[in-house]
Amino acid sequence: MLSDNKKIASGVPSYFPLEGRTIILGVSGGIAAYKAAGYARELGRLGARIIPVMTRNAENFITPLTFAALTGEKVHTRTFDMEDAHEIPHISLAREADLMLFMPATANIIAKAAAGIADDLLSTLYLAYSGPAVFCPAMNPVMYQHFATRNNLDILRKRGHMVADAEQGDTACGERGPGRLASWEHIRETVIRSLTLQNLQGMKVLVTAGPTRERVDPVRFVSNRSSGRMGYAVAAEAWRRGACVTLVTGPCSISPPKGVRTILVESAADMARAVQSEAETADIVIMAAAVADYTPESVQETKIKKSSEQLVLVLKRTHDILAGLLQNRRQGQVIVGFCAETGNLKERALEKIRKKPVDLLVANDVSEPGSGFDVETNRVLLLDRDHNVQRLPLLAKEEVAVRIVDRVSALLD
Ligand code: CTP
13 MLSDNKKIAS GVPSYFPLEG RTIILGVSGG IAAYKAAGYA RELGRLGARI
63 IPVMTRNAEN FITPLTFAAL TGEKVHTRTF DMEDAHEIPH ISLAREADLM
113 LFMPATANII AKAAAGIADD LLSTLYLAYS GPAVFCPAMN PVMYQHFATR
163 NNLDILRKRG HMVADAEQGD TACGERGPGR LASWEHIRET VIRSLTLQNL
213 QGMKVLVTAG PTRERVDPVR FVSNRSSGRM GYAVAAEAWR RGACVTLVTG
263 PCSISPPKGV RTILVESAAD MARAVQSEAE TADIVIMAAA VADYTPESVQ
313 ETKIKKSSEQ LVLVLKRTHD ILAGLLQNRR QGQVIVGFCA ETGNLKERAL
363 EKIRKKPVDL LVANDVSEPG SGFDVETNRV LLLDRDHNVQ RLPLLAKEEV
413 AVRIVDRVSA LLD
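Going by the numbering used here, the letters in the sequence shown line up with residues 13 to 425, in that order.
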């Protein structure tokens with residue numbers, strides 16, 4: 013577990029979603045075992061304690077010493093280990109675990125788990141364990157697409173386990189197709205989702221994020237400094253809670269979160285169209301985007317030349333998407349607004365919630381150090397329907413997202 017000193021490096025809070033969790037890492041025999049070693053280290057950096065359990069075949073690809081060095085834990089390989097003769101490892105390990113992560117998962121361990129065969133330590137451990145499990149298949153594409161493997165993965169899904177589907181690409185056996193171990197981001201998100209309370213399961217959540225770009229001529233636009241981080245973190249958190257998430261995003265340089273359906277838009281008008289259509293079926297709408305309030309009255313078809321000393325750009329108001337949503341709000345739909353200010357935050361946020369009566373308003377002062385644009389942290393006020401104000405401390409944007417989604421979930425109760 014990470015100490016408090018490590019948690020706050022140089023005054024900037026970081027976010028450790030797996031803090032204090034114990035994960036049994038089941039490594040079975042495939043070449044992707046070497047990638048699993050790197051991912052195990054990353055999971056440890058997110059705060060998890062990783063206890064590796066390797067099959068005999070896995071030891072043909074990578075040594076237990078590698079996993080021991082990267083996790084700082086003893087690596088378990090045999091059902092009856094004479095060193096710990098007083099303990100039955102499959103029972104004691106099963107009691108300690110919050111999650112069993114099969115990475116990589118071969119067709120063989122997937123089949124054994126689906127059928128309940130217990131003929132070595134890893135498969136026995138699975139039968140002696142009753143918590144959440146994540147399977148990360150990696151194998152030859154023909155084996156992966158074989159009816160038997162697909163059927164076995166379906167059995168595991170129906171049992172409530174999660175699968176980080178293998179990805180397309182060149183596999184170590186020289187074939188092309190699905191079978192490569194999922195990416196680190198995909199596995200990380202699936203692990204976090206499997207350990208998160210699924211209190212938004214079945215909910216359709218629409219999130220907007222990022223800036224919009226308003227075209228001036230073919231080479232120029234008017235925009236703002238939003239990085240999209242806050243909205244992307246909210247979308248990721250809603251997905252971790254089991255929601256079906258659509259992210260409508262303006263141009264951002266960061267990658268959209270895994271599992272989230274993403275609609276890329278450019279201007280405020282594009283965003284308005286996408287949001288209006290998606291909001292019709294959304295249970296929750298979270299408007300984190302920094303939508304342009306003004307757009308050029310007309311877009312020049314050719315590049316504006318520097319012919320005069322001054323250039324006057326005439327801008328017109330854009331449609332206020334959030335105001336429109338509030339007017340046409342469906343019964344029971346929860347709507348969250350954001351409010352970016354520079355000074356007098358509480359007063360201005362109260363003014364905004366009176367004008368736009370959202371269920372929750374997230375307000376921040378973008379001129380404050382550590383808050384707002386292009387930083388990884390934020391300090392926000394949360395205002396509810398009754399105008400009660402909750403002040404959150406400076407937190408990582410991912411943690412602010414957890415607090416926002418907590419408040420949204422409470423509104424559904
Ligand atoms: N918003 C919107 N459509 C716009 C402008 C803003 O939907 N054309 C939404 C934002 O996504 C945010 C909320 O309205 O959720 C508040 O945005 P903000 O820019 O802080 O305030 P405005 O209402 O635009 O007012 P002002 O800029 O005058 O503070």
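Glycine included, C-beta positions come from ideal geometry on N, C-alpha and C.
Quick caveat: nothing in here was measured; it's all calculated off a predicted structure.
- Cβ contact annotation for S235 (same chain, cutoff 6 Å, sequence separation greater than five): P223 and R225, in chain order.
- With 16 or more other Cβ atoms inside 10 Å of its own Cβ, W251 counts as buried.
- D386 sits in coil when the DSSP states are folded into three classes, being neither helix nor strand.
- Our two residues, A126 and T67, have alpha carbons roughly 17 Å apart in a direct line.
- According to the DSSP assignment, L393 belongs to the beta strand (DSSP E) that extends over V392 to D396.
- Bridge pairing for F233: R227 [DSSP].
- A352 counts as buried, since no fewer than 16 other beta carbons sit within 10 angstroms of its beta carbon.
- A residue is called buried once 16 or more other Cβ atoms fall within 10 Å of its Cβ, and S239 is buried on that count.
- In terms of Cβ geometry, M299 and V348 form a close pair [threshold 8 Å].
- A distance of 8 Å or more separates the beta carbons of A80 and M112.
- The C-alpha of V203 is placed about 31 Å away from the C-alpha of N376.
- For H88, the CB stays at least 7 Å from every heavy atom of the ligand CTP.
- With fewer than 16 other Cβ atoms from the protein chains shown falling within 10 Å of its own Cβ, A422 counts as exposed.
- Scanning V272, I296 and V260 for the CA closest to the CA of M283 turns up V260.
- In the DSSP assignment, R188 falls within the beta strand (DSSP E) that extends over R188 to R192.
- As for any alpha helix (DSSP H) of minimum length 4 sitting wholly inside the stretch 112-140, the runs are 119-127 and 133-139, ordered along the chain.
- DSSP links R329 through a beta bridge to Y306.
- Remark: three or more beta-carbon pairs, one from each stretch, lie closer than 8 Å, so the stretch 161-180 and the stretch 116-123 are flagged as touching.
- When the beta-carbon positions are compared, P153 and E187 come within less than 8 Å of each other.
- For K358, the Cβ stays outside the 7 Å cut-off from all heavy atoms of the ligand CTP.
- Nearest to R200 by C-alpha distance, out of F28, G262 and D418, is F28.
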